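Accompanying notes for the structure given below.
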Amino acid sequence: MALSSGCRAQSWPLWESYTKVYLDGQGRVIDHSVGDMTTSEGEAYAMFFSLVVGDRNRFEKLVSWTEANLAQGDLTAHLPAWSWGKAPDGTWRVLDANPASDADLWMAYSLCEAGRIWDMPRYSALGRALAKQIAAHEVVLADGVGTVLIPGPAGFHPSDTAYYVNPSYMPPMLLAYFAHIDKNGPWMEIAGSLPLTLNSPGHFAMDWVAVSEAGVQASAPPAILANLPAGQTPPTPVGSYDAIRVYLWAGMSDPKTPQLDRVMSSLRGMALYLKTNPNPPEKVDPNGNVLASPNWPLGFSAAVIPYLNAQGLKGLAEAQKTRLAGELDPKSGLYGKQAYYYDQNLALFEQGFVEKRFLFSRNGELQLRK
Numbered sequence: 019m020a021l022s023s024g025c026r027a028q029s030w031p032l033w034e035s036y037t038k039v040y041l042d043g044q045g046r047v048i049d050h051s052v053g054d055m056t057t058s059e060g061e062a063y064a065m066f067f068s069l070v071v072g073d074r075n076r077f078e079k080l081v082s083w084t085e086a087n088l089a090q091g092d093l094t095a096h097l098p099a100w101s102w103g104k105a106p107d108g109t110w111r112v113l114d115a116n117p118a119s120d121a122d123l124w125m126a127y128s129l130c131e132a133g134r135i136w137d138m139p140r141y142s143a144l145g146r147a148l149a150k151q152i153a154a155h156e157v158v159l160a161d162g163v164g165t166v167l168i169p170g171p172a173g174f175h176p177s178d179t180a181y182y183v184n185p186s187y188m189p190p191m192l193l194a195y196f197a198h199i200d201k202n203g204p205w206m207e208i209a210g211s212l213p214l215t216l217n218s219p220g221h222f223a224m225d226w227v228a229v230s231e232a233g234v235q236a237s238a239p240p241a242i243l244a245n246l247p248a249g250q251t252p253p254t255p256v257g258s259y260d261a262i263r264v265y266l267w268a269g270m271s272d273p274k275t276p277q278l279d280r281v282m283s284s285l286r287g288m289a290l291y292l293k294t295n296p297n298p299p300e301k302v303d304p305n306g307n308v309l310a311s312p313n314w315p316l317g318f319s320a321a322v323i324p325y326l327n328a329q330g331l332k333g334l335a336e337a338q339k340t341r342l343a344g345e346l347d348p349k350s351g352l353y354g355k356q357a358y359y360y361d362q363n364l365a366l367f368e369q370g371f372v373e374k375r376f377l378f379s380r381n382g383e384l385q386l387r388k
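Right under this line is the structure:
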């Protein structure tokens, strides 16, 4: 598939509907469900979708707003803060300065590929600078697993020999991409450890795992564990709103992406479940037991469609597409009568990929439709 020059923005109705609700004129992505907060993840995803449609003007606004407000004015020197919004004192500012490595990875990727596709060296330089910062501050060697991407520089190292890891922060195609452009970096080693972080008895991805010399164990969220009163039993680890992206990233990766066969093998629980159940589970424990009501989030159906297609389960994928299509609100052009921000992001990735607006090569390079 030939690459688009990116000279003229392409029409994409779902993205256009998304921008009307969630983007302002400055280049700020706004999540109205959490007090109009902006996250580095939202900015990174929007950069990616702006690149897909060839909208250079919006891409530049997103980069400029992110650099000015999340990166202390310099993305070459600072990883972007995770969240920005209205503080208790009424001011609008950074709420949590700790970076989020998944957002950092998607942002670095989108910048590097914008530089390549649009022949804009400034973007390439920014993306490579971000990738170097990720490698320096968000990559560790963990006993029992190997080199892993941790969720952020602070807060995920509970002891001298243990780390918390979020498997959804490591898309296989992005790891392959950075391994391709930075052969001396840690990216191929991270790709090799990813399948180990997906090792659960029920063969479902978990939101969080703890890695140490003892191996990999599913974990409750680190933020909850850090504030758990002494003597109180931690909540059951689950695969839910974070883990659903693991299936999406795997399904969108080229079949020849390094380590993808091992990743897919670790995720077979979801395919088996959907052969006998109509919807992806909202929450599942490490043994594969469904913990929540059958009220599946719309975005979960979107996320598993590329995963099911990649496994040759076309009928199951079509069933999820039919359910998703039935929830498209003609008034807003978004999914659900109450259109949740996260659902729309998952749907954008799924729809753009299934419609071949974008694909990823085996080395992670972005391929765009003309």
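Using the working numbering, the letters of the sequence shown correspond one by one to residues 19 to 388. For each residue, glycine too, the CB sits at the ideal point set by N, CA and C. Model, not experiment: these values are computed from the prediction.
Simplified DSSP assignment, three categories, for residue i
i	result
G351	coil
A232	coil
K293	coil
G333	helix
G18	Absent from the model: residue 18. The displayed extent of the chain is 19 to 388, so no value can be given.
Q28	coil
G203	coil
R341	helix
S22	Since pLDDT at S22 reaches only 44, below the 50 mark, its modelled position is unreliable, and no value is offered.
S311	coil
R111	strand
is_contact[residue i, chain D] using C-beta, thresh 8 Å
i	result
A194	Considering every chain present, this structure includes no chain D. It has just one protein chain.
Residue nearest to residue i in terms of C-alpha spacing, selected from the options
i	options	result
N327	R76, F371, G317	F371
I262	T37, A154, E368, P139	E368
P240	G249, M288, M188, P176	P176
L144	E131, H155, A154, E156	E131
Span of the alpha helix (DSSP H), counted from its first residue to its last, around residue i
i	result
W33	31-40
G269	262-270
Neighbour-count burial assignment, residue i, 16 or more Cβ in a 10 Å radius
i	result
D49	buried
P290	A small fix is needed here, since residue 290 is Leu in this sequence, not Pro. Its Cβ having fewer than 16 others within 10 Å, L290 is exposed.
R76	buried
K355	exposed
T340	exposed
T254	exposed
L246	exposed
V163	buried
K332	exposed
L159	exposed
T179	exposed
Rounded C-alpha distance that separates residue i from residue j
i	j	result
Y353	D42	20 Å
W357	V39	Residue 357 is actually Ala in this sequence, not Trp. Rounded to whole angstroms, A357 to V39 spans 10 Å at the Cα level.
M65	G306	35 Å
S82	D54	19 Å
L148	I242	29 Å
T215	S237	11 Å
G229	S68	As written in the sequence, residue 229 is Val, which differs from the Gly given in the question. Each residue's alpha carbon lies about 36 Å from the other.
K104	S58	15 Å
Q90	A27	30 Å
Start and end residues, beta strand (DSSP E) containing residue i
i	result
Q385	384-386
A160	157-160
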